[in-house]
Each structure stands twice: as C-alpha cells, then as structure tokens.
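Colleague: The sequence shown begins at 203 in the working numbering and counts up one residue at a time. Even glycine gets a Cβ: it sits at the ideal position worked out from N, Cα and C. Everything numeric in this text was worked out from a predicted model, so none of it was measured.
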Amino acid sequence: MPAAWDVFLSYRHADAEGARRLRDALAAHDLRVWFDETDIPDFAGITEQAREGIAGAKALLAYYSAGYPESRACQWELTQAFVAAQRHGDPRERVLVVNPEPTPDHIAPVELRDAKHLSTRDGAAVARHVRALAEPLGAAGPGPSRWLPSQAVGAPRFVGRLREMWSIHSALHGSDAEMITGSPGPGVAFVTGLGGIGKSLVAGEYALRFGPAHPGGVFWLRAAAVDTRPDDIDRQLRAFGAALGIPVGGADATEVRGALAHAIERRGAPCLWIVDDVPSSVDADVVRGLLAPHPLARTLLTTRSRGYAGLARQVDLGALPADDAYALLTAQRRPEDPEEEQAARALAEDLGRHPQALDVTGAGLKADAGLRSFSGYRRMLASPAEDELELVAELADALPTGHERSVAATLARSIDRLDEPGRDLLRLASLFTARPIPRRFVADVFADADNLGGEPALRRTARAAHAAETHSLADTADRNGALHVHALVSRTIHFREPGSARREQLRGAAVATLMRHLHTSETSGPPAFSTAEALARELTADPRSPTEANLLREVAGLDRWRGDFARAHAMLTVALGALKQTAGADDPDTVSTLLDLCDLEIDRGTRFYGHRYLEEALASRRRTLGDEHPDTLDLWVTHALFVGARGNLPAMRDLLRRVLSEARRVLGDEHRVTLTAQDRLALVLAEERDLDGAIVMHEQILAARRATLGDAHPDTRQSLRNLAETLLAAGDGAGACALYEEAVDTCRRAFGDDDPATVTARSDLASALARAGRLEEAVTLLEDVLAAYRVRLGEEHQFTLALYGNLADTLDANGDRARARALWDHEFAGYRRILGDELPTVGAADQVAAAERMYAGGAIREARKTFKSLLVSMPRKLPAEQPDYLA
C-alpha cells in the first residue's frame, strides 16, 4: 500500500513557530508533510486522525525540544511510531529527530539520543532519506486486546519518568539473551525503588503508552502477599484462566500456568505480564515462578528490593527531577505569586521530590486552600513535634494506585525488614537530613558507639549498607561510596523513634567522630575535610550538649581561619548560648567561647564590641579562680589592651604596672604571664616616647625568653622583633639591623632557607635596612624575598602584592621613581583584581573609587591602607590558605 504522507511532523504546540519553519523547509523539497495545527493539550492522548497519519507516513520526524517530553500527546505519537518502526528493523530509520537544543540530554529513548540529529533547515537530507523508504510505517496496533484483571486508567497527575519508561521498553524488547534459566528467553525487567516512589504507576503508565507493542493483552499480578500467602498467586492465575475461558476447575498450579501458556501461544500476539510489588524477602526461585508462562509474554516486575540484579535488568526509580516534582506538587493548586512559587519549589525539595509525598501534600494543600500557604506548610513540616505529612494525608484523596496514603506506613514496611545494623545506618542518616554520608564515617561512628575495632566496624558498615541498599532505603551517592538516605526515610525514623536511646547514642558517637576529624583538619586545612565539616554544621545547628557546642566552636574556627568572620560570629553566639544553658556561665568552655568571640571582634575590626565578652570572661575567672590565678592575671593584661585601644594610654600603662607587679609577686619574673604583661607595658612606653625605658624592658624580656624558651621559639623571635623596632624608633638602625640579621641566622639554622619563619625574618631585615638608610642592600634583599613569595604564594596573593609595594617604596626612597611606579601599578592593579566587580559590602564601591583617586593623586600610603581594609572586610575574596608566617 503506498504511503499517504512522506513525513509525520510531531511537535509540541508551544514550539509551533519552529515546527512551521521546519514544515516549510520540508515542503520546499516536495515532501508531503502531515502537520496538525490543532492545539492538543499536553496531557491529552493521541487522536484517531494522528494515529492514521502516523500509519500512513513513511517516517515520523520529531521536533524534539526540551519541552517535547512533557507533552503526553507527543509521547503517544513517538511511541506509536517507534513501535511500528521496530517491525521494519532499526527504528532510527523511521523515527527521525530535529533537536533545536544545544545538547541531546533531554532526548529519549537513548537510541534516538545517539542518532545523528537533523537541522531545522536540513530539508534536503530528510528528503533523500525518506525517498529511499518504500512503504508506510503502518499501524502500531490497537493496543492490548484485553487487560486482566481490569482495564488500567492513566493517572491524571502522572509526570515525568520518560527515560525510565524507555529503559523498560529497551529491556523488554532488546535482543534475546540468556536470562534466568541460562537459555534464550523473553524480555524481563525489574522496576525498583523506595516505597512510594511510583513503581506501580510507572508500570501502569508504560503499559498504556506502549500498549501497541503488547497487542496480546496485559496481565497484572499483585505479589505483595506471595511470601505470606503463596496460594494468592494461584488464585489470580485461575482468575486469568476463567476470564480467558480456560477450564481450570480441578487443575493444580502447574497445570493452570500450562493452560495460560497454551492460550498465549494460540493467540500468537506479544503481551505484557506485570508482577507488582514483589516482596524483598522472597528468594530467586520464587521470583522465577512469577515470570510469564510463555516467551510471547514479556515480564515486568516491581519491587523495593535491589537483590534480584542477577535475574534481569533493573530500572531504578529515584526522586523526581526538580521540575517534575514541582509540577506534581502544584497540579491541584497553583502558587499565587512568585514568592509562593519559590516556597513550593523549596517544599518539593523538603519532601525529597518523593512522588507519594508530593501527591499527598498537593491534595492536602488543595483542601487547605485559603487557610494555609505553601510557605506556611513548609514551616509546619519543619516542626519536630508533629508529623505534618501524616496529618495532611487525612485530607488527601485516594492515590492513583490505590495504595495507602500514609507515607510513613509505606516506608515503615521496608524499614521493618532491616536488621539492627541496617536500622542503625538509618538512625545515623536521620541526623543529617538526606546529606550523603561517607561509609568510613559510618564505620567510625559504629566503632565509637559500640567500642568496636576497625575491622568489625567496617564489616558492620558493609552489612548495614548492603541491607539498606537492597531494600531501596539507601543509594550509593558517589564513586567514593558515600551513602544517601532519602529525606522521607530519615523523617520516618525521626517520628517512629522519638527520644530513642540508640539514636542519641549514635548522635554522641557522631559528634565525637567529627570532633576528631576537624581537629585533624587544623594541620591540613578545611578543604580536605569538607564532608566532615558539612556534617558537623548540620549536626550542631541546634546544639544539645556541651560536646555539641564545642563541635560548633570547631566549625566556627574553620570559618574564622578562612576569614568568614560574620558566619563564625553567628555560630560562636549559638555555641555560647548552648554552653551557658547546658554547662553553666562559669564553665571553662563557656569562658573560652567568650574569649573566642572577643578575638573574633578584634579580627573583624570591631574591637569595641569584643570588650563586653572580655569583661564577662574576666568576671567569671575572678569568681571561679580568684584574682591571683595566672588565667585571671592574663585576662587583666588583655583588658588593659582594650583600655589602650580606646585612646587612654595612661590608664593602660597604670593597669599594666599593677598587673606586672602582682604577677611578679605571685608567679615570678620568668612566668609567661609576667613576661606578657612586661612586653605590653614596654610597647606602651615606646608609644609614649619613653624609648629608653622600653628598650630596657624589651632587653629583659628577650633575655628571659632566650633562657627559658630558646632562640628559635616564636615568643623569643617576637621579643627580638619588638626590641629591634624600638631601636629603630630610637634611631639605632645599626642595632636593629644586627638583631634582624641574628634572627635570620637563627631561623636558617633551625628551619632552613625556605621555611616561612626564615622568609619573614629576611623581610623584616629588608625593612630595617631601608629605614636605616641602607637602601641598596634593602632593595637587593627585598627582590630576593619577593621571588620567594611569588613561588610560594603566587603572583596574585595579597601578601605578594604588599611586598611589591614595599619594594616600590624602597626604590622610590633610593631615587628610582620610574621602577617604583611600575611596581606600584602592579600592586594596585592586583588589589582591584582580588576585589573584583561584585562588592557586597555597603559603600565598598565608593571606597574603591576613593582609593583610586588617592593613588592617582600620589597618596600611595593612604590608597594602600584603604585597599587593605577592603580586603579584610570582604573575606570571601581572600585566598583559601593564609600561612601563619604572613598573617
């Protein structure tokens, strides 16, 4: 029979403009194009006219836009053509694709995604291909001749799952392969996934959409009770036989299957055999007995278990894609404004994009219209006191598959099949709201919780992971084996085991494990422990104990290390509140947190606010330790610094004298606190221009620290630096340079030439040489130090740029203005690049403009000071690593 059309053009009507251009390009080559101008709704089925058009065309050409998969009408057309094309051989010869998108990722089935895609203007190529085809596609068939036990009806709110349905079709209709018996046999596929994820819905929708591939009928067996009532399957098979007019009155189960096989063979048409809800507990032999009785029937099984991978190909259903999840949630009630749309999308994420939860919630929100918003429901869902999902299920209508509405009950059936290690894994995962958890972390927690050795903990983890994955309660999230547990599984555990002693025991072990990890990260840096850090942040969002509060302090310390002072301050404030409530205001950890906050305020340039934390800590130390304790005296020294920072140097000097006198009396001349107080007092004397008095004190401190700590100790080197700077201020450049040369020699002997301490000492010496008037020596040394900075930190690091500025200043003082200007230009251009175009701090853009004006006007020092203050105020622009020697 000759073809009525050369091409059937399938397109979504939202893409009508592009499809018309394609039609015109085809018509220009004298192709007869079936083109429907009717606006068919996205969720409508195929029309009879379209069915006849496909059958009478040589090929179907799909205008496969990103929205094409969302149209049920388009999918009916594509499926009809694909099934019909399979009878002619390779379906890609008859089903052609024009892809207007930049990538093919949205195209299914995979055979079409891998095919060569045509251009919207490539009418000539289509014409050459189609003219080589001799006959029309022909009808795919009317669909299944019958449905047993009853005709399926499409779920009106079904969304997505296009790729999964094509995967099912490929598994069932691929080449024959050795399957269960080891001999060539019919197609068999499993649809697996978490309870409520939509396995039965996908099976039913596949049977409807791909019905023409199974004209012999669809047989639907419910297998949920096969492990407890084996005769239930026999009952259903007998019902099939009766419906087909087969006398099965006195036949046993084997004879009934034989009679059904004979009936299928006699009809001679392929059919679909669906076995729904196979329990996880049945063994492979039982599953083999559930397969279709004849090769003409292809078997599709749904199950929560992934334990049948050795029997057939598995199509695993995960969470819905974000857009599909949003569409399902809002199918019965649309958000009223952009804010509510954003809340609805966030709510879909809160529900883990789980179809049953989305459908139940959407129906409940429909019933709640005018009473509760999407954002209001999100707030109630977050409440730990009551399971809002179970409450809203009471308002929801019946689910499409007839399954129970309770999400918790659906998931609990799988959870109850786990042994204790598997449940422990879920209990641990429930602490982290669906964040992937490294298996090694799970093993460490198990070891800590139950005092296990390394190997037993690893074996317990492997067993737990296998059980959870087998029952579709967990997935391997990445190539490193991290485990992902769905948010609703965690939620079910939370509400099923309120106040569970075992869950709390695992929580305590998790805190201890994370504390160890984050302590380790102090030596290698947070980037190497990003997963542990993320888990710690989540676990300590609401700290319940001093241990959890201290873990939160560790996380805050990482933020402070990076320069994210605002985030560190917020977390330290939470930790302080938790410690005051759980440990008391005078607990050492509470006082330490107050001091952390004080130091943080200094770091971010708000020293004044830090004083209140210091005064609170000092009052606690005086109450608990007394005025003569070293820790109390140490805080008095810090208190004096705050007094001086307010501009009252005389008061600071007098307070330091009193503290120094008390420390000498109680602790002795060489105690750390005594020397610290003396050091701060010497700095005050230098500030007040009592340089001789300051020099005497610095010499005493340096001698004491050399005697007790050695030349290479950081405190000793700082004392040497303080003395040298005071000598420079007093005009003794030679004495200062001699001290810095000594420091360089000390560091070289102790640490080597390339150590950060040695680099810092050489930089200090170069600065001293310049200030002492030895400019040529200073330039030579600064160039050498700059080369070391560039190698170690990179050209664009802010500390490297600052050294460019130091060298430029020295060259300028030495009369080399031209070279100095080039280095200044390099320094300030680098500052602008570090800051970038996006300046989140209020007024930062104005400050940058002011600094640039200062620089253009020759106010180099003022411009540099402004740029550096901007870099400190915007820590996100700072490099990840800031070595101590450059801080």
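Going residue by residue through the region 509 to 578, where are the continuous alpha helix (DSSP H) segments of at least 4 residues, counting only ones entirely within it?
Modeller: Fully enclosed alpha helix (DSSP H) runs of 4 or longer: 524 to 531, 540 to 552 and 557 to 569.
Colleague: Please state whether DSSP places A853 in a helix, a strand or coil.
Modeller: Taking the first residue of the sequence shown as position 1, residue 853 is located at position 651. Reduced to three states, the DSSP call for A853 is helix.
Colleague: What do you get for M582, buried or exposed, if any count of 16 or more other CB atoms within 10 angstroms of its CB means buried?
Modeller: Locating residue 582 in the sequence shown gives position 380, counting from the first residue. The residue in question, M582, is exposed, as its Cβ has fewer than 16 Cβ neighbours within 10 Å.
Colleague: Find out if the Cβ-Cβ distance for the pair V517, A373 is shorter than 9 Å.
Modeller: Locating residue 517 in the sequence shown gives position 315, counting from the first residue. Locating residue 373 in the sequence shown gives position 171, counting from the first residue. Closer than 9 Å, so yes.
Colleague: Fully enclosed by the region 379 to 465, which alpha helix (DSSP H) runs are 4 residues long or longer?
Modeller: You should have 401 to 411 and 433 to 445.
Colleague: State the start and end residues of the unbroken alpha helix (DSSP H) segment that holds S702.
Modeller: Taking the first residue of the sequence shown as 1, we reach residue 702 at position 500. Taken as a continuous stretch (DSSP letters only), S702 belongs to no alpha helix (DSSP H), as it is neither H nor E.
Colleague: Within 10 Å of its beta-carbon, does E272 have 16 or more other beta-carbons around it, so buried, or fewer, so exposed?
Modeller: Indexing the sequence shown from 1 puts residue 272 at position 70. With 16 or more other Cβ atoms within 10 Å, it is buried.
Colleague: At which residue ranges does the region 766 to 838 contain complete alpha helix (DSSP H) runs of 4 or more residues, listed in the order of the chain?
Modeller: Those alpha helix (DSSP H) runs which fall completely within the region 766 to 838 and span 4+ residues are 767 to 784, 790 to 805 and 809 to 827.
Colleague: According to DSSP, which residues form a beta bridge with S212?
Modeller: The residue labelled residue 212 in the question sits at position 10 within the sequence shown. Its beta-bridge partners are A264.
Colleague: Suppose you measure from the CA of R992 to the CA of G895; what does that come to, to the nearest Å?
Modeller: One-based indexing of the sequence shown puts residue 992 at position 790. One-based indexing of the sequence shown puts residue 895 at position 693. Looking at the two C-alpha atoms, the distance is approximately 40 Å.
Colleague: Can you check DSSP and say which residues form a bridge with H686?
Modeller: Within the sequence shown, the letter at position 484 stands for residue 686. Note: H686 sits in a beta bridge opposite D677.
Colleague: For the structure I just gave you, are there three or more beta carbon pairs, one from the region 442 to 456 and one from the region 493 to 505, closer than 8 Å?
Modeller: The answer is no - the region 493 to 505 does not touch the region 442 to 456, with fewer than three Cβ pairs under 8 Å.
Colleague: Terminal residues of the continuous beta strand (DSSP E) containing R500?
Modeller: One-based indexing of the sequence shown puts residue 500 at position 298. A499 to T505 is the span of the beta strand (DSSP E), which, as asked, contains R500.
Colleague: Return the residue from the list D487, A751 and A1004 that minimises the CA-CA distance to H1028.
Modeller: Mapped onto the sequence shown, residue 1028 falls at position 826. Selected option, being the one with the closest Cα: A1004.
Colleague: Taking 9 Å as the cut-off, decide whether the C-beta atoms of P745 and L754 are in contact.
Modeller: For the purposes of this step, residue 745 is taken as residue 543 along the sequence shown, with counting starting at 1. For the purposes of this step, residue 754 is taken as residue 552 along the sequence shown, with counting starting at 1. Contact flag set, yes.
Colleague: Helix, strand or coil, according to DSSP, for L620 in the structure here?
Modeller: Counted from its first residue, the sequence shown places residue 620 at position 418. In this structure, L620 counts as coil in the three-state DSSP scheme.
Colleague: So for L1003, helix, strand or coil by DSSP?
Modeller: Locating residue 1003 in the sequence shown gives position 801, where the first residue counts as 1. Three-state DSSP puts L1003 in a helix.
Colleague: Buried or exposed: where does N301 fall if 16 or more other Cβ atoms within 10 Å of its Cβ makes it buried?
Modeller: One-based indexing of the sequence shown puts residue 301 at position 99. That one is buried.
Colleague: With respect to the alpha helix (DSSP H) encompassing I476, which residues constitute its N-terminal and C-terminal limits?
Modeller: Taking the sequence shown and counting its residues from 1, one reaches residue 476 at position 274. First-last for I476: C473 to V480, but that is the beta strand (DSSP E), not the alpha helix (DSSP H).
Colleague: To the nearest angstrom, report how far apart D646 and H696 are at their CA atoms.
Modeller: For the purposes of this step, residue 646 is identified with residue 444 of the sequence shown, where counting begins at 1. For the purposes of this step, residue 696 is identified with residue 494 of the sequence shown, where counting begins at 1. So the alpha carbons of these two residues sit roughly 22 Å apart.
Colleague: Can you name the start and end residues of the alpha helix (DSSP H) that L298 belongs to?
Modeller: Sequence index remark: in the sequence shown, residue 298 carries index 96 (1-based). Premise fails: L298 lies in the beta strand (DSSP E), V297 to V300, not in any alpha helix (DSSP H).
Colleague: Would you call the region 328 to 335 and the region 346 to 363 in contact, with 3 or more CB pairs under 8 Å?
Modeller: At 8 Å Cβ cutoff, the stretches do not touch.
Colleague: Just to confirm the assignment, what range does the alpha helix (DSSP H) spanning D947 have?
Modeller: Counting from one through the sequence shown, the residue named residue 947 turns up at place 745. First-last of the alpha helix (DSSP H) with D947: G935 to F953.
Colleague: Quickly, what does DSSP pair L350 with across the bridge? List them, please.
Modeller: As a working note, residue 350 is residue 148 in the sequence shown. Looking at the DSSP assignment, L350 forms a beta bridge with F421.
Colleague: With a CB to CB cut of under 6 Å and the five nearest residues on each side skipped, what residues in its chain are close to A529?
Modeller: For this step, residue 529 is matched to residue 327 along the sequence shown. Around A529: V361.
Colleague: Count the other CB atoms, across all protein chains shown, that sit within 10 Å of the CB of L613; report buried if there are 16 or more and exposed otherwise.
Modeller: Numbered from its first residue, the sequence shown carries residue 613 at position 411. It is buried - the Cβ of L613 has at least 16 other Cβ atoms within 10 Å.
Colleague: Check the DSSP bridge columns for A259 and list the partner residues they point to.
Modeller: The sequence position of residue 259 within the sequence shown is 57, counting from 1. Answer is W207, bridged to A259.
Colleague: Contact check, L837 vs A819 under 8 Å by CB: the rounded distance?
Modeller: Counted from its first residue, the sequence shown places residue 837 at position 635. Counted from its first residue, the sequence shown places residue 819 at position 617. Yes, they are in contact, since the Cβ atoms of L837 and A819 sit about 6 Å apart, within 8 Å.
Colleague: Any idea what DSSP makes of V361, helix, strand or coil?
Modeller: Here residue 361 corresponds to residue number 159 of the sequence shown, with the count starting at 1. It is coil, neither helix nor strand.
Colleague: Around the Cβ of G759, are there at least 16 other Cβ atoms within 10 angstroms (buried) or fewer (exposed)?
Modeller: Here residue 759 corresponds to residue number 557 of the sequence shown, with the count starting at 1. G759 should be labelled buried.
Colleague: Provide the residue span of the alpha helix (DSSP H) that contains D761, from first to last.
Modeller: Along the sequence shown, read from residue 1 onward, the residue named residue 761 stands at position 559. Where D761 is concerned, the enclosing alpha helix (DSSP H) stretches over P748 to R764.
Colleague: S921 lies in the alpha helix (DSSP H); which residues open and close that run?
Modeller: Counting from one through the sequence shown, the residue named residue 921 turns up at place 719. Start and end: P916 to A931.
Colleague: Pick from K260, A631 and L531: whose alpha carbon is nearest that of A1094?
Modeller: Here the chain has residues from 203 to 1089 only, and residue 1094 is not among them.
Colleague: Measure the beta-carbon distance from L774 to T792 and round it to whole angstroms, keeping in mind my assumption that it falls under 8 Å.
Modeller: The residue given as residue 774 occupies position 572 in the sequence shown. The residue given as residue 792 occupies position 590 in the sequence shown. With 8 Å as the limit, L774 and T792 do not qualify as a contact, their Cβ atoms being about 11 Å apart.
Colleague: Is it buried or exposed, K1067, if we count other Cβ atoms within 10 angstroms and call 16 or more buried?
Modeller: As a working mapping, residue 1067 is identified with position 865 in the sequence shown. Classification for K1067: exposed.
Colleague: Check whether the Cβ atoms of T840 and C800 lie closer than 9 Å to each other.
Modeller: In the sequence shown, the residue the question calls residue 840 occupies position 638. In the sequence shown, the residue the question calls residue 800 occupies position 598. It is a contact, given that the beta carbons lie within the stated cut-off.
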